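Worksheet for the structure shown next.
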Amino acid sequence: MSLEPNRKAELEFNKLHKRLRRQVGQAIADYAMIEDGDKVMVCLSGGKDSYTLLDILLQLQAKAPVRFELVAVHLDQKQPGYSPEILPDHLRGVGVPFTILEQDTYSVVKRVVPEGKTMCGLCSRLRRGALYTHASLHGFTKIALGHHRDDIVETMFLNLFHHSKLAAMPPKLQSDDGRHIVIRPLAYCAEDDIAEYAAAKRFPIMPCNLCGSQETLQRKAIKAMLAEWERKHPGRIENTFRALTDVRPSQLADRQLFDFVALGARGERSDAHAWLAGEASEETDRPARAAAVAAASGLDILEA
Ligand code: SF4
85 MSLEPNRKAE
95 LEFNKLHKRL
105 RRQVGQAIAD
115 YAMIEDGDKV
125 MVCLSGGKDS
135 YTLLDILLQL
145 QAKAPVRFEL
155 VAVHLDQKQP
165 GYSPEILPDH
175 LRGVGVPFTI
185 LEQDTYSVVK
195 RVVPEGKTMC
205 GLCSRLRRGA
215 LYTHASLHGF
225 TKIALGHHRD
235 DIVETMFLNL
245 FHHSKLAAMP
255 PKLQSDDGRH
265 IVIRPLAYCA
275 EDDIAEYAAA
285 KRFPIMPCNL
295 CGSQETLQRK
305 AIKAMLAEWE
315 RKHPGRIENT
325 FRALTDVRPS
335 QLADRQLFDF
345 VALGARGERS
355 DAHAWLAGEA
365 SEETDRPARA
375 AAVAAASGLD
385 ILEA
């Protein structure tokens, strides 16, 4: 017997809701994101991700065995077309304490970034600066951001393809100035799940591109690549994310992360290694070169 469409949709939503709550709870526990007595500033952009973050954190706060404070903080960047009442109305309805900061970063970005170039990099930096300053002034112990699993995987590929490094976006980090602990409780959540949840909850989404800017072409290309992979091979994004939680330094090639030199070494670093690294002159004689190559490859050279 098939379920009525409404009942089926309700069951699906309940499953989605439970999954998101479980994933957020798991990420918080795995990375010790929130502790008893924390004062958490939840950064709210007005997009689907930060609305979902706040919503799930409030649910967990109501049930958690530890006591922590949540305050939603939003920065009005004075973009054209911005509706100042949307967020306060929503937050008052939810019953969460909130602060709306105001700073005209829009004019700054418009002035500094050449026409036609993406403004998101500078805009995000200015926004981050304003929010972090607020966190310092008001004694917040944690700053919660709405980045999710797909953001983390996209960032990893951006770093891989364009910056030759294996780095992503950590679920928890210390800000560059060492003054803040930033947490990403949605780190285990899929973007599609968040989008579905936000649509079902009818959050009053405020588009981030009021300013007319677009995310960079590089990020767009990575998003398209991942979407195509996921369509052809479902589970690939999740597998990539899980790989970030299971790093094997000895299976990579980073000498800072794993001491390959010490591996099987029988003594001090030999001159042969220095020569191979280009530290000897071109005049080095043939026998010495042969010995160096052999030493580096672990072979013994027999005198002719
Ligand atoms: S789309 Fe506009 S508001 Fe959003 S980050 Fe980019 S520049 Fe800033």
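Per this note's numbering, the sequence shown starts with residue 85, numbered consecutively.
Idealized CB from N, CA, C, for every residue including glycine.
Being a predicted model, the structure only gives us computed values, none of them experimental.
Inset, instruction - Would you mind giving the Cβ-Cβ distance between K256 and Y115, rounded to the nearest angstrom? I have them listed as a contact below 8 Å. - result: 4 Å
Inset, instruction - Below 6 Å CB to CB, which residues in the same chain sit around E88 once its five sequence neighbours on both sides are set aside? - result: none
Inset, instruction - Reducing DSSP to helix, strand and coil, say where V150 ends up. - result: coil
Legend entry - Same chain only: Cβ atoms within 7 Å of F325, ignoring 5 sequence neighbours per side: R233, I236 and V237
Inset, instruction - Using the Cα positions of K307 and L244, report the straight-line distance between them to the nearest angstrom. - result: 14 Å
Inset, instruction - Identify, in the order they occur along the chain, each residue of the same chain with its Cβ nearer than 6 Å to the Cβ of K162, setting aside the five sequence neighbours on each side. - result: D188 and Y190
Inset, instruction - Go through the region 206-275 residue by residue and report every complete run of the alpha helix (DSSP H) that reaches 4 residues or more, in order. - result: 233-247
Legend entry - Enclosing alpha helix (DSSP H) for T324 [first to last residue]: R320 to L328
Inset, instruction - Tell whether a beta-carbon distance below 9 Å holds between A156 and V126. - result: yes
Inset, instruction - Return yes when the Cβ of F182 is within less than 9 Å of the Cβ of L128, no when it is not. - result: yes
Legend entry - Start-to-end residues for the beta strand (DSSP E) that takes in I184: F182 to E186
Legend entry - Cβ neighbours of E367 in the same chain (closer than 8 Å, five flanking residues each side left out): Because E367 carries a pLDDT of 49, less than 50, the predicted location of this residue cannot be relied on, and the following value inherits that uncertainty. There are no such residues.
Inset, instruction - Compare the Cα-Cα distances from D139 to each of V196, M203, R286 and T239 and report the closest residue. - result: R286
Legend entry - L341 (DSSP reduced to helix, strand or coil): coil
Legend entry - Cβ-heavy atom distance, Q161 to ligand 1, below 8 Å: yes
Legend entry - beta-carbon R211 near ligand 1 non-hydrogen atom, thresh 8 Å: yes
Inset, instruction - May I ask you to report which of helix, strand or coil DSSP gives H158? - result: strand
Legend entry - Limits of the unbroken alpha helix (DSSP H) element including V178: I170 to V178
Inset, instruction - Take D122 as the anchor and find which of G177, G213 and A228 has the nearest alpha-carbon. - result: A228
Legend entry - Any 3 or more C-beta pairs closer than 8 Å across the region 105-120 and the region 267-282: yes
Legend entry - Where M203 sits in the DSSP three-state scheme: coil
Inset, instruction - Find the nearest neighbour of F342 within the set R350, E352, G351 and V331, judged by alpha-carbon distance. - result: V331
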